[in-house]
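K.L.:
Each residue of the sequence shown is one higher than the one before, counting from 228 in the numbering used here.
Just so you know, even glycine gets a beta-carbon here, dropped at the ideal spot from N, CA and C.
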Amino acid sequence: MPRGEQSRHRKLREDSTRAESPSGVPGARGAHQGRVCQGRRYATKDWVEILAEHLEEQFTSHLASNSHTIIAHHEEMELRVREFLSAPIPQLPVDYYVSPAETVRTILRLPKRKAPGPDGILTIAIEQLPRRAMVAMTRLFNGILRTGHFPGCWKMGLVIAIPKAGKDPRLASSQRPITLLSHMAKLFERIVLRRLHHHLTLRQEQFGFRSGHSATLQLARVLHHMVAEHNRGRRTVGIFLNIEKAFDRV
228 MPRGEQSRHR KLREDSTRAE SPSGVPGARG AHQGRVCQGR RYATKDWVEI
278 LAEHLEEQFT SHLASNSHTI IAHHEEMELR VREFLSAPIP QLPVDYYVSP
328 AETVRTILRL PKRKAPGPDG ILTIAIEQLP RRAMVAMTRL FNGILRTGHF
378 PGCWKMGLVI AIPKAGKDPR LASSQRPITL LSHMAKLFER IVLRRLHHHL
428 TLRQEQFGFR SGHSATLQLA RVLHHMVAEH NRGRRTVGIF LNIEKAFDRV
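1) Helix, strand or coil for R417, going by three-state DSSP, please let me know.
2) Exposed or buried, L408, counting other C-beta atoms within 10 Å across all chains shown (16 or more means buried)?
3) Of all the options H426, H425, H440, which has the alpha carbon lying nearest to the alpha carbon of E432?
4) Only counting the same chain, and skipping five residues up and downstream in sequence, which positions put a Cβ closer than 6 Å to that of I405?
5) Return no unless some Cβ of chain E is closer than 7 Å to the Cβ of H376.
6) Identify whether T271 lies in helix, strand or coil by the three-state DSSP scheme.
7) Could you compute how far the alpha carbon of G460 sits from the alpha carbon of L385?
8) If you draw a straight line from the alpha carbon of P338 to that of L444, how long is it in whole angstroms?
9) Taking C-beta to C-beta, are T365 and P327 nearer than 7 Å?
10) Is K449 helix, strand or coil when you go by DSSP?
11) What's the C-alpha gap between R566 and E456?
12) Measuring CB to CB, does V353 end up less than 7 Å from I334?
13) Grab the span of the alpha helix (DSSP H) containing V536 for me, first residue to last.
14) Using a Cβ-Cβ cut-off of 6 Å (strictly less than) and excluding sequence neighbours within five positions of L349, which residues of its own chain qualify?
15) Could you pull the DSSP bridge partners for P343 from this structure?
16) Do V325 and F286 come within 7 Å of each other at the CB atom, strictly closer than that value?
17) Is there at least one non-hydrogen atom of the ligand ADP closer than 6 Å to the beta-carbon of A399?
18) What does the alpha-carbon distance come out to for the pair H301 and V419?
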């Protein structure tokens, strides 16, 4: 393992398995919500339970309104999802299946310095697999496409709590959860994403979560629009929406 990777793994282990937090880490709903216990330290098990309770509350789905229209729409969407999941899987075109060559090409594009998920498999280890293993992996991917069954173990992740800058580190709400997923799952998702791109129609205004569309380019685009409108004697009004804990709830 490269020296930089070793130090990164060591820091993650220290952050996630430290025997005691510096000064108490309350934060979840209930007895700990919003309180700071002065002079008390939580052991690892207590800290994990507090953080888990806080994250469970963050990820609990809820309706934004008690409106009958919103509730009816929510129920209709749930029904459509259940019908879609229970419907027979259509026959995929031959070119939708994965070849060993595509598997190898995708593996070579995986990031080299990313921490592994629960299985502990690094990308550099996947790259060193023999051809027979690559073929077996390709058969597994095609089996997932054919049956529509995604392995349950690939849905698991290691959650690492990173303190947010400028926030009280003793509060669970001040921790940013980072989930480490299996690189095998990420490899398969990259292959599927390549196929989904053929069916996506994205608006040209969307820059988030798109390759080659950085925040810098979006700011330059907005600035160009403002200058152009100013030269025409017009004014530009901007509306900015900041959703609290947006990434924590995704």
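P.N.:
So, to answer that:
1) In the three-state scheme derived from DSSP, where H, G and I count as helix and E and B as strand, R417 is classed as helix.
2) buried
3) H440
4) I387, I389
5) Looking for chain E here will not work: only one protein chain is present.
6) helix
7) 54 Å
8) 24 Å
9) yes
10) For the record, residue 449 in the displayed sequence is Val; it is not Lys. Looking at V449 - three-state DSSP - the assignment turns out to be helix.
11) Residue 566 lies beyond the residue range present for the chain, which begins at 228 and ends at 477; the question has no answer from this structure.
12) The sequence given here has Ile at residue 353, not Val. The answer is yes: Cβ separation under 7 Å.
13) Because the chain spans 228 through 477 in this model, residue 536 falls outside it and cannot be assessed.
14) P343
15) Paired residues: none, contrary to the question.
16) No, the Cβ-Cβ distance between F286 and V325 is not below 7 Å.
17) With respect to the ligand ADP, the structure shown offers nothing to examine, as it has no ligands at all.
18) Pairing H301 with V419, the inter-Cα distance amounts to about 28 Å.
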